[in-house]
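Read through the structure below, which is laid out as structure tokens, and then see the notes.
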Amino acid sequence: MRGSSDFESRQEYEAFLAKVFAGRNANREARLKEDQATLRSLPERRLNSYQRRRMRVSKGGLVRVKKNWYSVNSRLIGELVDVRIYAERIEVWYAQRRVTHMPRLHGTGKARVEYRHVIDMLVRKPGAFAPYRYKADLFASHTLRMAYDELKRVHSSSLAADKQYLRVLHLAAKESEAAVSAALSQLLNSTQPLTLVSVKTLMNQEIEEPSVQVRAVDLSAYNSLLHHEAL
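Written out as structure tokens, the structure is:
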């Protein structure tokens, strides 16, 4: 222990702790049984393992939980939502339905913004992208970041580049991030212009399936087996 962090995974660390606890508690077994004999029955219903907060979604599509910010779908802007705060995750509920969940941030002043939550809002108001406080979270992959840099290079207007990138990001959110990234990689490594149209074209290209021919099975071989069994 003593400041060491030489563990391959969290599971390995937890196993190490369990071994330490077992060794320390071995001599306390008798006293534990004495305490257990005086304990009352557990409550009939399980106690909640989370804290609950009711809050309004901000104009930026965010909720502030324990001095950190989390994004929710932009259609919930201005709505009251229920937030369940667990030890390691945050759940957001609306109309008695869980609408999103995410790992909980620890510390203060941090943010977890999912581009799929805010992309609809930004596509409608592309001028808000340049000064967006959490702009770095909208580059979900290295390929998307490279694509944005390329758009900034070829467009004389920053707003034009932002509009084009947001449309590409919107396509990734609604269709497939993997397919969009694959198309972007191909465009970045070619002389083709990087546009929403060119991305869609590559995504919609039909992949020629390999021709597979299966020979008919000669059933006479099975007849010969039956003949041998009869002998």
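The sequence shown begins at 8 in this note's numbering and counts up by one.
The C-beta atom is built at its ideal place from N, Cα and C for all residues, glycine as well.
Here the structure is a predicted model, which is why all the values come from computation and not from measurement.
- prompt: Going by C-alpha distance, which of Leu173, Arg60 and His124 is nearest Thr202?
  reply: As a working mapping, residue 202 is identified with position 195 in the sequence shown. Put simply, of Leu173, Arg60 and His124 the residue whose alpha carbon is nearest the alpha carbon of Thr202 is Leu173.
field: Local conformation of Thr150 per DSSP, three classes
entry: Taking the first residue of the sequence shown as 1, we reach residue 150 at position 143. It is helical.
query: Can you tell me whether Thr115 is buried or exposed, with buried defined as 16 or more other CB within 10 angstroms of its CB?
result: Residue mapping note: residue 115 aligns to position 108 of the sequence shown, counting from 1. So Thr115 counts as exposed.
message: Does Glu215 come out as helix, strand or coil in the three-state DSSP assignment?
response: Working through the sequence shown from its first residue, we reach residue 215 at position 208. No answer about Glu215 holds up, because its pLDDT of 46 lies below 50 and its placement is not dependable.
- prompt: When burial is assigned at 16 or more other CB atoms within 10 Å of the CB, is Leu158 buried or exposed?
  reply: One-based indexing of the sequence shown puts residue 158 at position 151. The residue in question, Leu158, is buried, as its Cβ has 16 or more Cβ neighbours within 10 Å.
- request: Please specify which runs of the alpha helix (DSSP H), each continuous and at least 4 residues long, are wholly inside the stretch 10-57, giving them in chain order.
  value: Taken in chain order, the complete alpha helix (DSSP H) segments of 4 or more residues contained in the stretch 10-57 are 17-32 and 36-45.
Rounded Cβ spacing between Ile97 and Val72 (contact assumed at less than 8 Å): Indexing the sequence shown from 1 puts residue 97 at position 90. Indexing the sequence shown from 1 puts residue 72 at position 65. Rounded to whole angstroms, the Cβ separation of Ile97 and Val72 is 6 Å, and the two are in contact under 8 Å.
field: Ser81 vs Asp127 beta-carbon contact at 8 Å
entry: The residue given as residue 81 occupies position 74 in the sequence shown. The residue given as residue 127 occupies position 120 in the sequence shown. Cβ distance < 8 Å, so Ser81 and Asp127 count as in contact.
Contact under 8 Å by Cβ, Val125 with Ala154: Looking up residue 125 in the sequence shown gives position 118. Looking up residue 154 in the sequence shown gives position 147. No. Outside cutoff.
For Ala118, the three-state DSSP class (helix, strand or coil): To locate residue 118, count along the sequence shown from 1; it is residue 111. Here Ala118 sits in strand by DSSP.
field: Of the residues Leu209, Val204, Val221 and Gly68, the one placed nearest Thr107, counting alpha carbons only
entry: Numbered from its first residue, the sequence shown carries residue 107 at position 100. Comparing Cα positions, the closest option is Gly68.
- prompt: Going by the beta-carbon positions, is the gap between Ala168 and Tyr141 smaller than 8 Å?
  reply: By 1-based counting over the sequence shown, the position of residue 168 is 161. By 1-based counting over the sequence shown, the position of residue 141 is 134. In this structure, Tyr141 does not lie closer than 8 Å to Ala168 by Cβ.
Buried/exposed call for Glu215, threshold 16 Cβ in 10 Å: Taking the sequence shown and counting its residues from 1, one reaches residue 215 at position 208. Note on Glu215: pLDDT 46, under 50, position unreliable in the model; the coordinate value appears next. Exposed.
message: So for Arg61, helix, strand or coil by DSSP?
response: The sequence position of residue 61 within the sequence shown is 54, counting from 1. Of the three classes helix, strand and coil, the one that applies to Arg61 here is strand, per DSSP.
- prompt: Considering only C-alpha positions, which residue in the set Lys26, Val88, Gln199 and Val206 is nearest to Ala189?
  reply: For the purposes of this step, residue 189 is taken as residue 182 along the sequence shown, with counting starting at 1. In terms of CA proximity to Ala189, Val206 leads the group Lys26, Val88, Gln199 and Val206.
- request: Going by CA-CA distance only, name the one from Tyr77, Glu36 and Ser165 that's closest to Phe136.
  value: Here residue 136 corresponds to residue number 129 of the sequence shown, with the count starting at 1. Measuring from the Cα of Phe136, the nearest candidate turns out to be Ser165.
message: Helix, strand or coil, according to DSSP, for Leu178 in the structure here?
response: The residue labelled residue 178 in the question sits at position 171 within the sequence shown. Helix, per DSSP.
- prompt: Roughly how many angstroms lie between the CA atoms of Leu87 and Ala143, to the nearest whole one?
  reply: If you number the sequence shown from 1, residue 87 lands on position 80. If you number the sequence shown from 1, residue 143 lands on position 136. If you take the alpha carbons of Leu87 and Ala143, they lie about 27 Å apart.
message: Give me the residue from Gly134, Ser163, Val161 and Glu184 with the minimum Cα distance to His149.
response: To locate residue 149, count along the sequence shown from 1; it is residue 142. Scanning Gly134, Ser163, Val161 and Glu184 for the CA closest to the CA of His149 turns up Glu184.
- request: Could you please give me the residues that DSSP links to Asn75 through a beta bridge?
  value: As a first step, residue 75 must be located in the sequence shown, where it is residue number 68. Beta-bridge analysis with DSSP links Asn75 to Val72.
query: Does the distance from the C-beta atom of Arg91 to that of Arg52 stay below 8 Å?
result: For the purposes of this step, residue 91 is taken as the residue at position 84 of the sequence shown. For the purposes of this step, residue 52 is taken as the residue at position 45 of the sequence shown. Cβ atoms of Arg91 and Arg52: not closer than 8 Å.
query: Roughly how many angstroms lie between the CA atoms of Gln18 and Arg63, to the nearest whole one?
result: Translated into positions along the sequence shown, residue 18 becomes position 11. Translated into positions along the sequence shown, residue 63 becomes position 56. Gln18 and Arg63: Cα-Cα distance of roughly 37 Å.
field: 3-residue-minimum beta strand (DSSP E) runs that sit fully inside the stretch 78-138, ordered along the chain
entry: Note on the stretch 78-138: whole beta strand (DSSP E) runs with a minimum of 3 residues are 87-92, 96-101 and 104-110, in chain order.
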